[in-house]
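Encoded as structure tokens, the structure appears first; notes follow it.
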Amino acid sequence: MSAPLIEITDAVVYRGNTRVFDGFNLTLAQNESTAILGPNGAGKTTLLKLLTRELYPLWREFPVVRILGQERGDIWSLRSQLGIISNDLHEQYSPTVCGEEVVLSGFFASVGVWGHQRVDREQRLQAREILGRLGIEDLAQRAFGSLSTGQQRRLLMARALANDPPNLVLDEPTSGLDLSATFQYLQVMRELISSGHTLILVTHHIHEIPPEISRVVLLNKGRVWADGPKNEVLTPENLSELYGVDVSLVDSGGWYQAVPA
Ligand SMILES: Nc1ncnc2c1ncn2[C@@H]1O[C@H](COP(=O)(O)OP(=O)(O)OP(=O)(O)O)[C@@H](O)[C@H]1O
Ligand SMILES: [Mg+2]
């Protein structure tokens, strides 16, 4: 049995003066792709930031957060195990870096490529390959700041996939993507899951949960509100209660869509 991707035991997590988690428990296995949903402010991004070690819980006498079995560990080797797409990452990019550098920075789990990071020929070829696979070769030489939000997002997707990490941590990855880019992203994610990658996906878009994702966690006010198989957790009753609006669910070949009841 491989160690869980993340194992959180009784975590207390502050952001600023806000106690976001107070006795939070959750374990996410490797090889079990999971969608995490919940109202604005529920703690979804906070959870992902524990996983990427951008945030730490309050210290306890027992290990509160273990990632891939490790209580602590080299953050850079951890990052090579995780591809990340998030708004925070998006905002860290300088407007002057070119598209290719955004993708290459994925090899170093950094923001941009710096002088001391030697990019080898193999990495350049891989970056080209992923740009081609996503159909955005034309963005390679463009300055990040000169691109539309969706074009920037597509480069971040290429960055996350650059070194083919076994796990992908996605915080509202499709924000700003048009329909065609969204569908292409969904296709890539489905292929990744089928080839053994693990996705941890935070989204507000129920129709963007690939059929291959079998587990759903619903968060509310810093707590796990529901957790289990998708067909048991994603129900009109649960969603109506969680969001406080009348929700009806449409199931189309394993894809769900929430519509007003
Ligand atoms: N830097 C911060 N300082 C203080 N409070 C914060 C900070 N960042 C987040 N919070 C608070 O932490 C709580 C959880 O925020 P989080 O970003 O995890 O929510 P979320 O579920 O990702 O919401 P959304 O769907 O809007 O992205 C919210 O109450 C938020 O106001
Ligand atoms: Mg968030």
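All residue numbers for the sequence shown refer to the numbering used here, where the first residue is 591 and numbers rise by one.
Glycine included, C-beta positions come from ideal geometry on N, C-alpha and C.
It should be emphasised that the depicted structure is a prediction, and the values quoted were computed from it without experimental measurement.
First and last residue of the uninterrupted beta strand (DSSP E) at residue i
i: residue 582; result: Outside the displayed range of the chain (591 to 851) lies residue 582, so it cannot be described from this structure.
i: residue 790; result: 788-792
i: residue 760; result: 757-761
i: residue 624; result: 624-627
i: residue 618; result: 608-618
i: residue 601; result: 596-605
Spatial distance of residue i from residue j (CA atoms)
i: residue 808; j: residue 671; result: 25 Å
i: residue 810; j: residue 710; result: 45 Å
i: residue 667; j: residue 801; result: 31 Å
i: residue 634; j: residue 658; result: 20 Å
i: residue 757; j: residue 787; result: 6 Å
i: residue 654; j: residue 715; result: 40 Å
i: residue 755; j: residue 817; result: 26 Å
i: residue 838; j: residue 795; result: 14 Å
i: residue 798; j: residue 614; result: 26 Å
i: residue 841; j: residue 851; result: 14 Å
i: residue 687; j: residue 743; result: 14 Å
i: residue 772; j: residue 740; result: 10 Å
i: residue 719; j: residue 685; result: 23 Å
i: residue 784; j: residue 596; result: 21 Å
i: residue 833; j: residue 628; result: 8 Å
i: residue 697; j: residue 713; result: 8 Å
i: residue 641; j: residue 732; result: 32 Å
i: residue 700; j: residue 679; result: 10 Å
i: residue 669; j: residue 847; result: 33 Å
i: residue 610; j: residue 639; result: 12 Å
i: residue 825; j: residue 836; result: 11 Å
i: residue 828; j: residue 704; result: 47 Å
CB-CB length for residue i against residue j, believed under 8 Å
i: residue 761; j: residue 675; result: 7 Å
i: residue 748; j: residue 782; result: Wrong, their Cβ atoms sit about 13 Å apart, outside the cutoff.
i: residue 693; j: residue 752; result: 5 Å
i: residue 626; j: residue 790; result: 7 Å
i: residue 702; j: residue 683; result: 7 Å
i: residue 734; j: residue 689; result: 7 Å
Bounding residues of the alpha helix (DSSP H) (the contiguous stretch that carries residue i)
i: residue 739; result: 739-751
i: residue 711; result: 711-723
i: residue 637; result: 634-641
Near ligand 3: residue i beta-carbon under 8 Å from a heavy atom
i: residue 602; result: Of the ligands one can find in the structure shown, namely ligand 1 and ligand 2, none is ligand 3.
Complete alpha helix (DSSP H) runs within the segment 797-845 (minimum length 4 residues, chain order): 820-823 and 826-833
Lining residues of ligand 1 - beta-carbon closer than 5 Å to any non-hydrogen atom, in sequence order: 605, 606, 608, 610, 630, 631, 632, 633, 634, 635 and 636
Runs of beta strand (DSSP E) lying entirely within the segment 651-690, each at least 3 residues, in chain order: 655-657 and 672-675
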